[in-house]
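In UniProt numbering, the protein residues as written are 1 to 355. What follows is a single structure, written as structure tokens, with notes after it.
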């Protein structure tokens, strides 16, 4: 006869487990304790990954199908900008065309302390590898609807949080990272995103993620709680989160706005947002933690200097050196010829004075 045990988890989930008679135990008490522990862990896992998040989905901060009235209705909670357009399946920020910029921005100031943002997105196009660009960004910033900036369709020197999915390598091809690359930056209104070096000087953390033309659904997860920001990705079809960045001592003010933007230049891709779902997290705090988390007015992160990278100027490649030398020689030759012509005319004028 199979042994069985029923347990109730803290979340109210009842679980039932059984064990075939093939397993023999010396003590019924040992068997009961083991099964109780296994069932309890299973119930906690199910509650954490499914019911907890669904119960705290905040519709007012979320963007999902069927996108009713998006960008056109006064009842919509989001605005469209630039080339962004709504289709039945996604919000397309930019099409696979050159020199396009598009964005979608929330109309409602964000006031939650502990939260988790799950972004379902897609980047795809006809261009071959390394001939596509430029990527997309997820924002939580003080500024809203700043169209036409130099940072993935948004303004530079922003105030707040930027998560970048960069698909084109602008810097030296020999650097120690693969693209596409996902990174985090915290702006205070004075820091500039260095586009020429793919934002590396102000990057707080990041990871490579093969998100372009993927056969799988691609997701980002941004979690913020107790002054800690965690960035995770799910891009390989395994339905598991892989940690991309974990930053402690990061402080974000309330009242900022969520958004997503994209830009193309000489190279292009389709950049689509399928959904942005915001979940409120319930977190217990001690009195000391409450005291530490006083109202924040300016975004900041502890020990910012440890994140900053000194970017060295790139040396010339062999091709660049060849053309530099060639044009230098040609320029020197032109100067010599001009000098000889001037000298010859001077000699002729001098002879005329004696005749």
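The beta carbon of each residue, even a glycine, is placed where N, CA and C say it ideally should be. Bear in mind that the values here come from a model prediction, so they are computed numbers and not experimental data.
No Cβ-Cβ contact shorter than 8 Å links residue 277 with residue 73. Taking a C-beta distance under 8 Å as the contact criterion, residue 135 and residue 256 do not qualify as a contact pair. Here residue 162 is near residue 185, since their CB atoms are less than 8 Å apart. Distance check between residue 243 and each of 273, 166, 209 and 264 places 209 closest, using alpha-carbon atoms only. For residue 137, there is no enclosing alpha helix (DSSP H); the enclosing beta strand (DSSP E) covers residues 135-141.
For residue 287, the uninterrupted alpha helix (DSSP H) segment begins and ends at 287-292. Selection 285, 262, 333 and 178 evaluated against residue 129 yields 178 as nearest (Cα-Cα).
Between the C-alpha atoms of residue 133 and residue 182 there is a straight-line separation of about 14 Å. For the pair residue 103 and residue 67, the CB atoms are not nearer than the 8 Å cut-off.
If you draw a straight line from the Cα of residue 234 to the Cα of residue 250, it comes to about 23 Å.
Taking the Cβ atoms as the reference, residue 269 lies roughly 17 Å from residue 120, outside the contact range of under 8 Å.
With respect to the C-alpha of residue 238, the residue from 222, 231, 225 and 218 having the closest C-alpha is 218. With fewer than 16 neighbouring CB atoms inside 10 Å of its own CB, residue 109 falls in the exposed class. In terms of Cβ geometry, residue 273 and residue 93 form a close pair [threshold 8 Å]. Nearest to residue 221 by C-alpha distance, out of 206, 213, 332 and 98, is 206. Closest in alpha carbon position to residue 232, among 56, 165 and 95, is 165. Annotation: the continuous beta strand (DSSP E) that includes residue 242 extends over 242-248.
Its chain contains 221 and 277 as the residues whose beta carbon lies nearer than 6 Å to that of residue 118, once the 5 sequence neighbours on both sides are disregarded; these appear in chain order.
C-alpha of residue 343 to C-alpha of residue 332: approximately 16 Å in a straight line. Per DSSP, residue 160 is one residue of the beta strand (DSSP E) stretching across 159-166.
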